[in-house]
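Chains A and B supply the protein sequences, listed in that same order. To convert, note that position 53 of the first sequence is 104 in the numbering used here; the numbers rise steadily by one, no gaps. To convert, note that position 29 of the second sequence is 57 in the numbering used here; the numbers rise steadily by one, no gaps.
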Amino acid sequence: MTDISGQVPGLSASGRRSEDKAWWEEFPWWGTIIALVMVGMAIKIFVDEDYDEAWSRIWPGVWLTITTTLYAFGIAFGLGLLAGIGQISHNVFAHNISRAYVELIRGIPILPLIFTVALVIVPDLTRSMGLANSVPTKWRAIIALSLIYGAYMAEIFRGGIQSVPPGQMEAGRSLGLSQRQTMRSVVIPQAMRAIIPPLGNDFIAILKDTSLLSVLGVLELTRNARQFSASSFKFRETYFTLTFIYLVLVIGLSLLLGQVEKIMTKDRKGQR
Amino acid sequence: MTAMIQLVGLEKTFAKTIKAVQGVDLSIAQGEVVVIIGPSGSGKSTILRCMNLLEVPSVGDVYIEGQNLVDKATDLDLVRAEVGMVFQQFNLFPHLTVMQNITLAQVKVRGRSQAEAEAMGMQQLERVGIPEKAESYPRQLSGGQQQRVAIARSLAMEPKVMLFDEPTSALDPEMIKEVLDVMLQLASAGMTMVVVTHEMGFARAAADRVVFVDEGRIIEEGTPEQIFNHAQHARTKDFFDKILHH
Numbered sequence: 052m053t054d055i056s057g058q059v060p061g062l063s064a065s066g067r068r069s070e071d072k073a074w075w076e077e078f079p080w081w082g083t084i085i086a087l088v089m090v091g092m093a094i095k096i097f098v099d100e101d102y103d104e105a106w107s108r109i110w111p112g113v114w115l116t117i118t119t120t121l122y123a124f125g126i127a128f129g130l131g132l133l134a135g136i137g138q139i140s141h142n143v144f145a146h147n148i149s150r151a152y153v154e155l156i157r158g159i160p161i162l163p164l165i166f167t168v169a170l171v172i173v174p175d176l177t178r179s180m181g182l183a184n185s186v187p188t189k190w191r192a193i194i195a196l197s198l199i200y201g202a203y204m205a206e207i208f209r210g211g212i213q214s215v216p217p218g219q220m221e222a223g224r225s226l227g228l229s230q231r232q233t234m235r236s237v238v239i240p241q242a243m244r245a246i247i248p249p250l251g252n253d254f255i256a257i258l259k260d261t262s263l264l265s266v267l268g269v270l271e272l273t274r275n276a277r278q279f280s281a282s283s284f285k286f287r288e289t290y291f292t293l294t295f296i297y298l299v300l301v302i303g304l305s306l307l308l309g310q311v312e313k314i315m316t317k318d319r320k321g322q323r
Numbered sequence: 029m030t031a032m033i034q035l036v037g038l039e040k041t042f043a044k045t046i047k048a049v050q051g052v053d054l055s056i057a058q059g060e061v062v063v064i065i066g067p068s069g070s071g072k073s074t075i076l077r078c079m080n081l082l083e084v085p086s087v088g089d090v091y092i093e094g095q096n097l098v099d100k101a102t103d104l105d106l107v108r109a110e111v112g113m114v115f116q117q118f119n120l121f122p123h124l125t126v127m128q129n130i131t132l133a134q135v136k137v138r139g140r141s142q143a144e145a146e147a148m149g150m151q152q153l154e155r156v157g158i159p160e161k162a163e164s165y166p167r168q169l170s171g172g173q174q175q176r177v178a179i180a181r182s183l184a185m186e187p188k189v190m191l192f193d194e195p196t197s198a199l200d201p202e203m204i205k206e207v208l209d210v211m212l213q214l215a216s217a218g219m220t221m222v223v224v225t226h227e228m229g230f231a232r233a234a235a236d237r238v239v240f241v242d243e244g245r246i247i248e249e250g251t252p253e254q255i256f257n258h259a260q261h262a263r264t265k266d267f268f269d270k271i272l273h274h
């Protein structure tokens with residue numbers, strides 16, 4: 052048995068060894084703390100009338116928050132995959148366009164970008180295409196979030212693809228598979244393993260950042276909360292409740308993603 | 029008769045200054061087994077990798093059965109399907125089973141049905157002696173077994189030539205023989221082979237011709253007998269002195 056406590060073997064009279072750990076040293080207390088906090092918050096909200104009122108005013112925004120998150124994640128995933136492959140492409144055009152997109156977006160804070168995309172770029176584009184109808188606010192918000200997270204995800208995809216050893220591409224090409232075939236059947240499936248955890252992080256980040264869309268007037272959770280607090284002056288009740296709802300959503304989503312990760316990496320555990 | 033492989037005035041320069049290969053002419057006939065030897069960094073792997081254009085030559089031409097791979101009109105994927113390659117690091121696809129490794133290119137490149145590809149896969153796995161590993165993943169195999177799967181994967185494409193890039197250099201000593209045995213059997217079956225290796229025993233036993241390379245040039249070539257016992261060039265003798273006497 053190896054002594055992993057970092058002590059010089061022989062000096063440790065108590066025999067500090069890895070398998071000696073007591074149950075309370077390994078118990079996930081952090082999870083218990085979070086669970087207790089959430090139960091406490093839930094009780095407060097459903098017992099206190101003012102909190103309950105805040106809840107009933109904010110909660111209807113949850114569907115908009117969730118659908119916006121799903122759409123934005125889906126579109127950002129596609130954009131990110133394209134731009135990620137584009138960045139490492141030998142095609143001069145694809146390489147430079149992808150690189151410019153990623154660097155531009157990553158160089159600007161999210162909030163000003165949301166304003167710029169939703170209030171300047173999208174209206175300008177629709178006008179220049181001669182479309183009379185303006186894009187609904189919800190979709191401008193989704194486009195803004197997708198463009199932003201597409202650039203972040205491009206970096207994840209690029210990193211994931213580059214984590215696959217070049218010998219894999221060479222082996223595929225030497226068998227007569229084309230670049231595209233090797234990418235699809237050999238490189239990307241292996242890259243996915245490295246990509247799933249950071250993609251999950253971005254999924255959660257998008258969920259949280261939908262709260263920024265309240266500045267555009269999208270009637271999601273945060274917008275509802277701001278409206279309610281402004282008219283009722285019940286700031287404490289409003290933001291307590293809003294925090295609780297986000298906590299439930301984010302923790303629920305991360306538990307779900309943890310399961311997805313487990314399933315998707317199951318058949319290739321301990322590889323290489 | 030056109031040569032199976034012909035290199036004409038081959039040069040390869042890396043990063044504009046490093047001359048890995050400087051002027052190599054080599055012609056390999058069908059059924060010939062050619063072993064390329066030389067000190068590390070002499071450019072022998074680069075020469076081999078130019079034969080299926082994994083390395084694009086800076087100057088010169090590469091012909092496979094008279095088709096110039098450097099010519100942009102040549103469909104590289106079609107030619108590569110005829111030129112099998114075995115790598116030092118095996119390069120099996122770790123997310124696929126042994127059988128899936130072997131059937132992938134058969135189905136996508138050769139257009140075989142899954143059933144045909146699996147039958148061919150089984151045939152090749154039997155040839156390399158590990159049919160029982162068809163459903164295993166590469167990580168579950170030893171290095172020697174992985175390299176034999178890599179050979180089976182190439183053979184399943186029914187190539188006209190097999191290139192071996194130091195196929196035993198990454199193996200533990202006790203696994204080298206099982207791979208060399210497969211290669212010897214392949215050589216005696218008449219396969220055209222080009223092998224970069226440090227296994228002089230294999231070169232003696234299987235090579236029709238041994239090519240000694242140093243500093244990106246062919247210093248001399250001949251039968252194993254000529255090269256090993258009657259080397260003409262001082263650099264060749266010096267190389268053997270270094271590897272044979274401890």
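Beta carbons: idealized from backbone N, C-alpha and C, even for Gly.
message: Less than 8 Å between CB atoms is the rule here; does Leu212(B) satisfy it with respect to chain A?
response: Not one chain A Cβ lies under 8 Å of Leu212(B).
Residues that Leu132(B) contacts on chain A, provided the C-beta gap is smaller than 7 Å: In chain order: Ser236.
message: Against Gly129(A), what residues of chain B qualify as contacts under a CB-to-CB distance less than 9 Å, listed in chain order?
response: For the C-beta of Gly129(A), not a single chain B residue is nearer than 9 Å; the gap to the nearest is close to 23 Å.
task: Evaluate Gly201(A) with the Cβ neighbour count: other Cβ atoms within 10 Å of its Cβ, from every protein chain shown; 16 or more gives buried, anything less gives exposed.
output: It counts as buried.
Proximity to Pro166(B) [Cα-Cα], best of Ile204(B), Pro122(B), Ile179(B), Val137(B): Taking Pro166(B) as reference, the option from Ile204(B), Pro122(B), Ile179(B), Val137(B) with the minimal CA-CA separation is Pro122(B).
message: Excluding the 5 residues flanking Asp195(A) on each side, which residues of the same chain have their C-beta closer than 6 Å to its C-beta?
response: A small fix is needed here, since residue 195(A) is Ala in this sequence, not Asp. Within the same chain, Ile165, Val168, Ala169 come within 6 Å of Ala195(A) by CB-CB distance, once the 5 residues on both sides are set aside.
Ile204(B) to Leu81(B) span [Cα, whole Å]: Taking the straight line from one Cα to the other gives about 27 Å.
- request: Can you tell me the Cβ-Cβ gap for Ile172(A) and Ala123(A), rounded? I've got them flagged as a contact below 8 Å.
  value: Actually they are not in contact, since the Cβ atoms of Ile172(A) and Ala123(A) sit about 16 Å apart, beyond 8 Å.
message: Alpha carbons only, please: which of Ile75(B), Ser55(B), Ser86(B) is nearest the one belonging to Lys44(B)?
response: Checking every option, the nearest Cα to that of Lys44(B) belongs to Ser86(B).
message: Contact criterion: CB-CB distance below 8 Å. Does Glu70(A) meet it with respect to chain B?
response: No, Glu70(A) does not count as interfacial toward chain B.
- prompt: For Glu249(B), which three-state DSSP category applies?
  reply: The DSSP-derived three-state label of Glu249(B) is strand.
Tyr165(B) - DSSP class collapsed to helix/strand/coil: Tyr165(B): coil per DSSP, three-state reduction.
field: Other residues of its chain near Gly135(A): CB distance less than 6 Å, five sequence neighbours each side excluded
entry: Around Gly135(A), the same chain offers Ala205, Phe208, Arg209 as residues with beta carbons nearer than 6 Å, after the five sequence neighbours per side are excluded.
query: Nearest to Pro249(A) by alpha carbon, out of Phe279(A), Gly309(A), Ile296(A)?
result: Looking only at Phe279(A), Gly309(A), Ile296(A), the smallest Cα-Cα distance to Pro249(A) is reached by Gly309(A).
- prompt: Which class does Ser10(A) belong to by DSSP, given the choice of helix, strand or coil?
  reply: Any answer about residue 10(A) is impossible in this case: the structure gives chain A only from 52 up to 323.
- prompt: When you compare only the Cα positions, how much space is there between Gln142(B) and Asn129(B)?
  reply: Approximately 12 Å between the Cα atoms of the pair.
- prompt: Going straight from the alpha carbon of Phe291(A) to that of Ile96(A), what length do you get?
  reply: One C-alpha to the other measures close to 9 Å.
- prompt: Can at least three beta-carbon pairs, one atom from the region 193 to 209 of chain B and one from the region 35 to 52 of chain B, be found at a separation below 8 Å?
  reply: No, they do not touch.
task: Could you confirm whether any beta carbon from chain A is found closer than 8 Å to the beta carbon of Ala48(B)?
output: Answer no: the Cβ-Cβ gap between Ala48(B) and chain A never drops below 8 Å.
Contacting residues, own chain, Cβ-Cβ under 7 Å from Lys320(A) (five flanking each side not counted): Interpretation of Lys320(A) is limited by its pLDDT of 45, a score under 50 that renders its predicted location unreliable; the figure taken from the coordinates is listed afterwards. Same-chain partners within the cutoff: there are none.
field: Pick from Ala184(B), Val107(B), Leu76(B), Glu206(B) that is closest to Gln173(B), judged by C-alpha positions
entry: Nearest of Ala184(B), Val107(B), Leu76(B), Glu206(B) to Gln173(B), Cα basis: Glu206(B).
message: If distances are taken between C-alpha atoms only, which option among Thr74(B), Val84(B), Tyr91(B) comes closest to Val189(B)?
response: Of the residues Thr74(B), Val84(B), Tyr91(B), the one whose Cα lies closest to the Cα of Val189(B) is Tyr91(B).
- prompt: Using a beta-carbon distance cut-off of less than 7 Å, what residues from the region 187 to 203 of chain B approach chain A?
  reply: Listed by position, the residues of the region 187 to 203 of chain B near chain A (Cβ gap below 7 Å) amount to none.
- request: Go ahead and label His258(B) buried or exposed: buried means 16 or more other beta carbons lie within 10 angstroms of its beta carbon, across all protein chains shown.
  value: Note on His258(B): under 16 other CB atoms within 10 angstroms of its CB, so exposed under the neighbour-count rule.
field: Neighbouring residues, chain B, relative to Pro248(A) (Cβ below 8 Å)
entry: Listed by position along chain B, the residues whose Cβ is nearer than 8 Å to that of Pro248(A) form an empty set, because the closest Cβ is around 17 Å away.
field: Inter-residue Cα distance where the pair is Asp242(B) and Asn252(A)
entry: Going from the Cα of Asp242(B) to the Cα of Asn252(A) covers about 52 Å.
- prompt: Listing by chain order, which chain A residues have their CB less than 8 Å from the CB of Val63(B)?
  reply: Near Val63(B) there are no residues of chain A at all, since even the closest Cβ is about 20 Å away, more than 8 Å.
- prompt: Taking all protein chains shown into account, do 16 or more other C-beta atoms lie within 10 angstroms of the C-beta of Pro195(B), making it buried, or fewer, making it exposed?
  reply: Its Cβ being crowded by 16 or more others within 10 Å, Pro195(B) is buried.
query: Of all the alpha helix (DSSP H) runs that stay within the bounds of the region 54 to 141 of chain A, which reach a length of 4 or more residues?
result: Entirely contained in the region 54 to 141 of chain A, the alpha helix (DSSP H) runs reaching 4 residues are, in chain order, 74 to 77, 80 to 98, 100 to 109, 113 to 139.
message: Given a cut-off of 8 Å on the beta-carbon distance, is the pair Phe256(B) and Val224(B) in contact?
response: One thing to note: Phe256(B) has its Cβ no nearer than 8 Å to the Cβ of Val224(B).
message: Between Arg224(A) and chain B, is the shortest Cβ-Cβ distance under 8 Å, so that the two count as touching?
response: With 8 Å as the cut-off, Arg224(A) counts as an interface residue toward chain B.
- request: Could you please give the first and the last residue of the uninterrupted beta strand (DSSP E) stretch that includes Ser55(B)?
  value: Residues 46 to 56.
- request: Go to Met220(A), then tell me how far its alpha helix (DSSP H) extends in each direction, as first and last residue.
  value: For Met220(A), the enclosing alpha helix (DSSP H) starts and ends at 217 to 225.
query: Roughly how many whole angstroms lie between the Cα atoms of Ile161(A) and Phe286(A)?
result: Distance between the alpha carbons of Ile161(A) and Phe286(A) is about 25 Å.
message: Would Leu304(A) and Ala276(A) be called neighbours here (beta carbons separated by less than 8 Å)?
response: Cβ distance not < 8 Å, so Leu304(A) and Ala276(A) don't count as in contact.
message: Here's a check: name, in chain order, each residue in its chain whose Cβ is nearer than 6 Å to the Cβ of Lys270(B), leaving out the five neighbours to either side.
response: Closer than 6 Å at the Cβ level, and outside the excluded window around Lys270(B), lies no residue.
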